[in-house]
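Data block below; observations after.
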Amino acid sequence: MTHTPIRTCVACKRKRPAGEMLRVRRADASIQCGVGAGRGAWLCPDEQCITRAFEKRLLLRALRVESMPADWEQCMGRLLQMTKERDGEG
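Take 4 as the starting number for the sequence shown in my numbering and just add one per residue.
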């Protein structure tokens, strides 16, 4: 029996296996998508959750970032693209 890590989406609070979600992390002064070291937050691979997390600044709060990083808009674009690729649209 293997353990499946469960993570919570910062936007909708839904709990899902980590493999089904998108990870965003704070590394130094930038925000990056995917696996790696740094404080992380999880989002459902859903356009509504991603948009809500950015518009309501939920992702900033989860990553404990006080001001919006310069690559903030790029990160949102990458997450939306990753969602489309998972859905087979990209």
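Just so it is clear, CB atoms sit at the ideal spot from N, CA and C, and this is done for glycine as well. The structure presented is a predicted model; accordingly, all values stated were derived computationally and were not measured.
Give me the DSSP bridge partner(s) of residue i.
i, result
"P19", "Correcting the residue type first, residue 19 is Arg in the shown sequence and not Pro. DSSP, once it has assigned bridges, lists R10 as partnering R19."
"G43", "R28"
"S33", "A30"
Label residue i either buried or exposed according to how many other C-beta atoms from any shown protein chain fall within 10 Å of its C-beta, with 16 as the threshold for buried.
i, result
"V38", "exposed"
"T86", "buried"
"Q84", "exposed"
"Q77", "exposed"
"I9", "exposed"
"P48", "buried"
"M4", "exposed"
Contact defined as beta carbons within less than 8 Å: I believe residue i pairs with residue j. What is the distance between those atoms, to the nearest angstrom?
i, j, result
"R64", "W45", "Not a contact, Cβ separation roughly 13 Å."
"D74", "S33", "5 Å"
"K18", "T11", "5 Å"
Whole alpha helix (DSSP H) elements within the region 43-68, 4-residue minimum: Counting only runs of 4 or more, we get 50-58, 61-66.
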